[in-house]
Every structure is written in structure tokens, then in C-alpha cells.
DNA sequence: TGTACACAAATTGTATTCAATGCTAAAGCT
DNA sequence: AGCTTTAGCATTGAATACAATTTGTGTACA
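Residue numbers (the UniProt record's numbering), protein chains in the order written: chain A, 1 to 237; chain B, 1 to 237.
Structure (C-alpha cells):
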């Protein structure tokens, strides 16, 4: 393709979704219509359409007369998330095992291949997107329009939470991710076998693993400091 | 208020939501931007915003370059609905019992009062809306942003399904609705007592009752026609 | 008679312009 | 000095005009 052509509305949608998922646009960040329109070379009218659509999908929030911002994350977000996620994802995987079609299973295997590659590459944004896509495919398999909206919102914040709570250096993290990848394989097997119960159980396991990873981050091991070190020995909280 | 003033965008949103919920705008109906703009006395630009927002909420569907239509109902809708509804609503009521605040409980009682009044009035559109509002309040009590999107979509189609599958004349229907109203009271009591298990169980009961009502309609008792009647005895399909 | 192509009408998408609203900061008042 | 008021600025909302896409219709041709 010769020369970067003017981005279409769909391009902008994808671009913004991407930026939000990998937190290059941080939660709560203000989105200015004028500058975004300039940035993507289209007028404000279609750009507003884009923001409205992203609002519908849960990526952004729009306040009347006060513009759009990236969907915020509050102090209750994590709790709400892990409260809802196992149930919804359990249902999704159960239905996926029930309804998956051969072409979809092929797509899921492909998605897992990409996920494994992203693990090796060490690119954590690529990993978050690949993981997102893997789960998105399972959502398509489930094919229940009433579960889809909540599931999609969970996927958005799952990606964002993963981007936040991740230490590439930590060897425990690497091990945790390897386990996650193995669970993906097990999920594929359960779906292919049509084993609903196994699929639902794997959903729970998968979230427990994810929660462990985050707990590791939120509540780290105490610093290793013995008595007699230079640091003060008593502290007020 | 002297003279009907020009409707604001919020008015149009509410009006369209209402029309869709009570099926005055039928599922799948085409929504023409120009005529809607003329109908509500605002230009196409804000009206498109409205349609985009309604699309995000699940009321309408927008196809690129081919306009908007009221969210369709397919032959799988009912199945998908009753598959997802008990689980989601069970979770909602469980969380409602856990988190409900006094003001919200007062609002719920008020909603139930309105619902009872609508039962007596016999206005089935008013009944659908009042029921919708009752459940909406429970959703606010649950206060989980990840369950909310799916729950809202369930509420939309619950109202529409109720409008479709209802025979005002049928005495069984009246009895069924009276039971539903009693369940509402039980739901209020469970929430007020903070009894999560009871609330969750009532959610299941409530959907089973609703499903019974619809099954009554979809699979009615066979017509009572004995051999030797005037009607032709053999027919081609 | 059926199909393919081309043209015309209708409807949606985009750009530009103008109006209204919210935010910021400076001035006046208590 | 601290609070309220008010004026200017920046940003969002609405309206109109224009462009592009889709759909329907008609005609020519196999």
C-alpha cells in the first residue's frame, strides 16, 4: 500500500479500543473531540459517533456537555470484577462447549497459537490483546446475546487489569502465565469434546489463577529486613 | 406548562425507549433518521446520537450505511433469554440483598406499589413498564457494573416478551400475575432482611413463573373439536 | 423469459458553521 | 483575606449543506 491513506471510522474505532485495552489511554483520561478529530483526520461529527459507540461498548464514558473520558476504574472495580467474572465466564464456557462449531474451534486454536507466541515475545501489550482475543472467540461460541454485553465488559477490564498488575521480571508471574496457557489448552480440549462441566470448571480455575496473580501484586511479600539494619526499627502507621 | 416546548434529546431517548419496550415500535422495525428527526423536532445530528446511544443500550441495531432498526427478536431469543435470565437475576438479587441501602429499599417498595396499581388498571403497557422499573431498582441495589449491561438487556426483552405473550382475557394469566406480585413482596422482604440465599432462590422462582406464563401462550391447550363437526376432516398442510 | 448492466432515487455518512454550555480567572463585595 | 459575581475563553451540542453509498427500477441483450 503506497502512502498512509485517511483512516476510516472503523480504523479509528479499532485504534481507540486498542489504546484503551493496553492502557496507553489510561482509565479516566480525558478525550478531547477536537484533538482526536485532528489526530485521525476526520471531522468531529463522525468522531463523536465513534465515541458514542465506544461508550455503548463500555470503553468510554460520556458526560453531558462535558466530553468523553476513558472508562474509569474505581477502588471497587477489582472486587466487582472477581465477583462477576467466574459466574459469567463459567456460563460462557459451558455454552461454548455446547454450541461450538468446527470453524470456531479452529479459530480458537489459532488464537491460542498467537497467545503462546506473545508469551515468548515478552510483549505484554501483545499478550493482553492475544488473551483478549482468545476469550472473545469463546464468547462467540457461546452465542448468547444476553451474556455477551457483560462478558465484553469483563474482557475490557480484564485486559486493563492485566496490564496494570504485571511484573515482567517476577519469575512467579512467568510461571503463572505458563499455567494460564496450559489452561487455555485444556479449555480448547473441553470445548472440542463438548464437555460442558469440564469447561465450566476450567473457567473457575482460570479466574482463580488470574486472581492469584493479582493478589501477588497487590499484597507482595514483605521486604526482607532483619533486626539491626540501618532502617528505623519502629514506625508509626 | 404552557404550550408543548421542543423536546430535548433526553426526552427523545426516553420516548423511544418507552415505545420499544411496549412494542409500539416492533422488533425489527426500520427507524428512519429523517422522519424521526422531523417527528421530534430536532435535526438529524443529535437524533443520530440518540440512535447510537440506544444501540449501545441494546434497544436498536445499527448497520453501516443501512440505518437503524429496533433490536430484532429471533427464534432463538426465548431460549437464550431463559438460559441467561435466572443466573444473572439470581446474582443481581443476591447482591441486592447484600448491598441494598435504605433509600433504595424505599424506592423498591414504591415501585411495587406502582406495579400493583398497574395490575388493577389492566393497562398491560403500564404493567410492563412498572415491572421493568421494579427490577431496574434491584439492579441498582446490586451495584455491580459488570452485571449491569447484561441485566439491562434482559430487562428490555423481558418487557417486550411480556407484551407479546399475554392474554388479558385468560383467568390463568391473571392468577399468574398475582403470584408474580406476591413474589415481588417476598423479594422486598428478603432484600430488607439481607437474606442473600432467599433472594437468589426467589429470582429462580420468579423466572420459572414467567416461563410458565409464556409456555401457556406458546403451547396452548388444543382446540376442542370432535369428530363430525362442520369443519373439513382432512387438510393439506 | 431470465439475467445483467446502468441509471435514478432515497437514505445514510461527513464536513462546516453557528449556538450554547461549562470552566477559569479576575474583579468587586462583605 | 475570603467569598461571590461576572466576563472571557474553551469545549461540546445542534443545524445545515454536501458527498457517498445502497437500493430499486428500467432497459437491453442473451
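Don't be surprised by glycine CBs; every beta carbon is placed ideally from N, CA and C.
8 Å is my cut-off, CB to CB: does residue i come that close to chain A?
i, result
"residue 8 of chain B", "no"
"residue 80 of chain B", "yes"
"residue 223 of chain B", "no"
Would you say residue i reaches chain B, if we count a Cβ-Cβ gap shorter than 8 Å as a contact?
i, result
"residue 153 of chain A", "yes"
"residue 185 of chain A", "no"
"residue 83 of chain A", "yes"
"residue 2 of chain A", "Note that residue 2 of chain A scores 34 on pLDDT, short of 50, meaning its location in the model is unreliable; the coordinates nonetheless yield the value given after this. No, residue 2 of chain A lies away from the interface with chain B (no Cβ there is under 8 Å from its Cβ)."
"residue 236 of chain A", "The predicted model places residue 236 of chain A with a pLDDT of 47, which falls under 50 and marks its position as unreliable; any figure quoted below should be read in that light. Judged by the 8 Å Cβ criterion, residue 236 of chain A is not in contact with chain B."
What residues in its chain sit with their C-beta under 6 Å from that of residue i, if we drop five residues either side in the sequence?
i, result
"residue 100 of chain B", "141, 191"
"residue 40 of chain A", "7, 12"
"residue 72 of chain A", "27, 28"
"residue 132 of chain B", "155, 159"
"residue 151 of chain B", "88, 92, 139"
"residue 221 of chain A", "none"
Is it the case that the CB of residue i approaches a heavy atom of the ligand FMN more closely than 7 Å?
i, result
"residue 224 of chain A", "Annotation note on the ligand FMN: not contained in the displayed structure, which lists no ligands."
Residues in the same chain with beta-carbon distance under 7 Å from residue i, minus the five sequence neighbours each way, listed in chain order, please.
i, result
"residue 270 of chain B", "There is simply no residue 270 of chain B to check, as chain B begins at 1 and stops at 237 in what is shown."
"residue 278 of chain A", "Here chain A has residues from 1 to 237 only, and residue 278 of chain A is not among them."
"residue 156 of chain A", "21, 58, 59"
"residue 199 of chain A", "93, 94, 96, 97, 187, 190, 191"
"residue 25 of chain B", "19, 70"
"residue 137 of chain A", "104, 107, 108, 111"
To which residues of the same chain is residue i closer than 8 Å at the C-beta, ignoring the five residues directly before and after it?
i, result
"residue 67 of chain B", "30, 31, 32, 33"
"residue 23 of chain B", "160, 163, 164"
"residue 129 of chain B", "18, 21, 22, 118, 159"
"residue 81 of chain A", "154, 157, 158, 161"
"residue 42 of chain B", "6, 7, 9, 12"
"residue 279 of chain A", "Residue 279 of chain A cannot be examined here, being either before or after the span of chain A that is shown, 1 to 237."
"residue 37 of chain B", "43, 44, 47"
"residue 209 of chain A", "176, 179, 180, 183"
**Touch test, the segment 37–51 of chain B against the segment 174–184 of chain B, Cβ-Cβ under 8 Å, three pairs minimum** = no
**Prompt:** Taking one C-beta from the segment 120–127 of chain A and one from the segment 109–120 of chain B each time, how about it: are there three or more such pairs within less than 8 Å?
**Reply:** no
**Prompt:** Taking contact to mean at least 3 C-beta pairs separated by less than 8 Å, is the segment 209–224 of chain A in contact with the segment 9–23 of chain B?
**Reply:** no
**Minimum length 3: unbroken beta strand (DSSP E) runs contained in the UniProt domain "HTH gntR-type" (6–73) of chain B** = 60–62, 68–70
**Request:** Decide if the segment 54–64 of chain A is in contact with the segment 86–98 of chain A; the criterion is three or more beta carbon pairs, one per stretch, under 8 Å apart.
**Result:** no
**Prompt:** Quick one: complete beta strand (DSSP E) runs, 3+ long, within the segment 150–193 of chain B?
**Reply:** none
**the segment 75–82 of chain B / the segment 133–150 of chain A touching (three or more Cβ pairs under 8 Å)** = yes
**Message:** Below 8 Å, how does it come out for the segment 92–110 of chain B and the segment 187–202 of chain B: are there three or more Cβ pairs, yes or no?
**Reply:** yes
**Request:** Taking only runs that begin and end inside the segment 194–224 of chain B, name each unbroken alpha helix (DSSP H) of 4 or more residues, in chain order.
**Result:** Positions of the alpha helix (DSSP H) runs, each at least 4 residues long and wholly inside the segment 194–224 of chain B, are given as 196–218 in order along the chain.
**Asked** Using Cβ-Cβ distances below 9 Å, what residues of the segment 131–150 of chain A are close to chain B?
**Response** 143, 144, 145, 146, 147, 148, 149, 150
**Message:** Closer than 8 Å between beta carbons: that is the criterion. Which residues of the UniProt domain "HTH gntR-type" (6–73) of chain A meet it against chain B?
**Reply:** 45, 48, 49, 52, 53, 55, 56, 57, 58
**Asked** When Cβ atoms are compared, which residues of the segment 86–119 of chain B fall closer than 8 Å to chain A?
**Response** 87, 88, 91, 95
**Prompt:** Residue ranges of each alpha helix (DSSP H) run of no fewer than 4 residues wholly in the segment 76–159 of chain A, ordered along the chain?
**Reply:** 77–99, 102–121, 124–142
**Prompt:** Does the segment 152–165 of chain A come close enough to the segment 124–131 of chain A to have 3 or more Cβ pairs within less than 8 Å?
**Reply:** yes
**Message:** Tell me whether the segment 106–115 of chain A and the segment 62–69 of chain A touch, counting them as touching only if at least three CB pairs, one residue from each stretch, are closer than 8 Å.
**Reply:** no
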